[in-house]
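Reviewing the structure listed below.
2 protein chains.
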Amino acid sequence: MGLMYQPDAARNVGMEDMTLTVDELAAWRAFVQMQELLRARLEQQLQASNGLSNADYTVLVALSEAPGRRLRAYELCDALGWEKSRLHHHFSRMCRRGLVEREQGDARAIHVTLTDTGLEALRRAAPGHAREVRRLVFDRLTEAEVRQLGAISTCLLDALLANAPRPARRSRRAASGAEPE
Amino acid sequence: MGLMYQPDAARNVGMEDMTLTVDELAAWRAFVQMQELLRARLEQQLQASNGLSNADYTVLVALSEAPGRRLRAYELCDALGWEKSRLHHHFSRMCRRGLVEREQGDARAIHVTLTDTGLEALRRAAPGHAREVRRLVFDRLTEAEVRQLGAISTCLLDALLANAPRPARRSRRAASGAEPE
DNA sequence: TCAGTTCAGTTGATATGTCAACCGGAAGCG
DNA sequence: CGCTTCCGGTTGACATATCAACTGAACTGA
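Residue numbers (the working numbering), protein chains in the order written: chain Z, 30 to 210; chain L, 30 to 210.
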């Protein structure tokens, strides 16, 4: 997703049955580009200051909030919205760095546990990361815009979760409150 | 970036000097998750229907809009906001698939040219992709929300482009109108 | 109890993105 | 001219993400 959908694109590409209006086009392009740049910046800040990737950070946060600072692998997958393979690979890398530990539970259960090292890394990284988010995002928006952004995001997120891909996935917002179903 | 910044996270992680308000937290979490899911869905749709990645698609669109369907490598970098290394690697892969061609110009100039095959692939992919964007995003939003999303995105994007990282980058919105400077 | 299925987890191939180091032509400057 | 610096482009190492195939435990139903 990039700078596509410009009015010109319709001509060049044969999208005569244009599916998006000009306003939508403009909003979409700005959104996509903003979102990519923002992601890259946050990634760089985390990486440079703490040697963590966004993915690392996300895993650490999820574990730090779990009871006993650990979760079963598939729970973590659900919480993050990751597929099991991604988690497995990433988990292995984080294990090597001592941020998390693998524990064999009963039967097939594999527990992912946050180590002290991991928690310490998260503690060091969190304030700077939060500051960056404030600096790049919330310092630029009015209160109304923050509300709008939240509303739009929630609306789109719900739709995305609802019409899920293959297996009707369960709720993706783990760790926030009561478990679904 | 994931489910971080929950009120609980502050306790667990020692972010007592909380940098984000509760409202901001909620908006941020929804935004991040929505954005990741949306990206994944669009990627899957493109990949499944046309064997293209988002990155492929973005390159194809940028080239299709360029005069003569070609750009110098660094222009393409600028247009996409990619670093040269990323472009080089991706370009090589797309070359192998016959979507684009490499042309040695004068001196150091390398021209990236859209092939007929590439244009054809773009033509086949564009309508479905646009439909997916409409289905997942614009069908869910009111006109007001579309305007808000555009305004917020533009605002944040400008800020991101302004306080650029290392070398003060030039404008990132290429291919949309007159060339900068 | 056994067959078929589901499910958690693993693995490997491949695609993708990032970083830092490098190469050689171009530009600026004495 | 000769030197340095800048810059477009290349390369390789590595981290990351995705997919499909596989393993073996647990469930299901006869």
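The beta-carbon is built from N, C-alpha and C at its ideal position, and this holds for glycine as well. Remember, it's a predicted structure, so these values are computed and weren't measured experimentally.
- Taking every protein chain shown into account, the CB of N83(L) has 16 or more other CB atoms within 10 angstroms, so this residue is buried.
- Along the segment 151-175 of chain L, going in chain order, the ones with a CB nearer than 7 angstroms to a CB of chain Z are L151, R152, A155, P156, A159, R160, V162, R163, L165, V166, F167, R169, L170, E174 and V175.
- Spanning the alpha carbons of R153(L) and D145(L) requires a straight line of approximately 12 angstroms.
- In chain L, no part has a C-beta under 7 angstroms from the C-beta of Q133(Z); the shortest such distance is about 25 angstroms.
- By DSSP's assignment, T142(L) forms a beta bridge with R99(L) and E130(L).
- In this structure, the CA atom of T48(Z) is about 48 angstroms from the CA atom of R137(Z).
- Cβ-Cβ separation between I139(Z) and R98(Z): approximately 15 angstroms, too far for a contact (criterion under 8 angstroms).
- Two segments are said to touch when three or more pairs of C-beta atoms, one from each, lie closer than 8 angstroms; by this definition the segment 180-187 of chain L touches the segment 165-179 of chain Z.
- Taking 9 angstroms as the threshold, the shortest C-beta distance from Q62(L) to chain Z falls below it.
- At a cut-off of 9 angstroms between beta carbons, C106(Z) makes no contact with chain L.
- Note on D135(L): under 16 other CB atoms within 10 angstroms of its CB, so exposed under the neighbour-count rule.
- Assigned with DSSP and collapsed to three states, E112(L) falls in coil, not helix or strand.
- Residue contact with chain L for T48(Z): present (Cβ-Cβ distance below 9 angstroms to some residue of chain L).
- The C-beta of G80(Z) has fewer than 16 other C-beta atoms within 10 Å across all chains shown, which makes the residue exposed.
- Residue nearest to L92(L) within the set L151(L), Q74(L) and G157(L) is L151(L) (criterion: CA-CA distance).
- Between V61(Z) and W57(L), the CB-CB gap reaches or exceeds 9 angstroms.
- Using beta-carbon distances, R70(L) counts as an interface residue toward chain Z, with a partner under 9 angstroms.
- Ranking G157(L), H119(L), L165(L) and P156(L) by CA distance to the CA of V141(L) puts H119(L) first.
- Excluding sequence positions up to five before and after H117(Z), its CB lies within less than 8 angstroms of the CB of A102, all in the same chain and listed in chain order.
- Boundaries of the alpha helix (DSSP H) around D85(Z): N83 to E94.
- Taken through DSSP and simplified to helix, strand or coil, L49(Z) comes out as coil.
- Below the 7 angstroms Cβ cutoff, chain L contributes A56, F60 and I181 as neighbours of L178(Z), in chain order.
- Contact with chain Z is absent for A136(L), since none of that chain's Cβ atoms lies less than 9 angstroms from the residue's Cβ.
- Interface residue (Cβ-Cβ distance to chain Z less than 9 angstroms): G80(L) is not classified as such.
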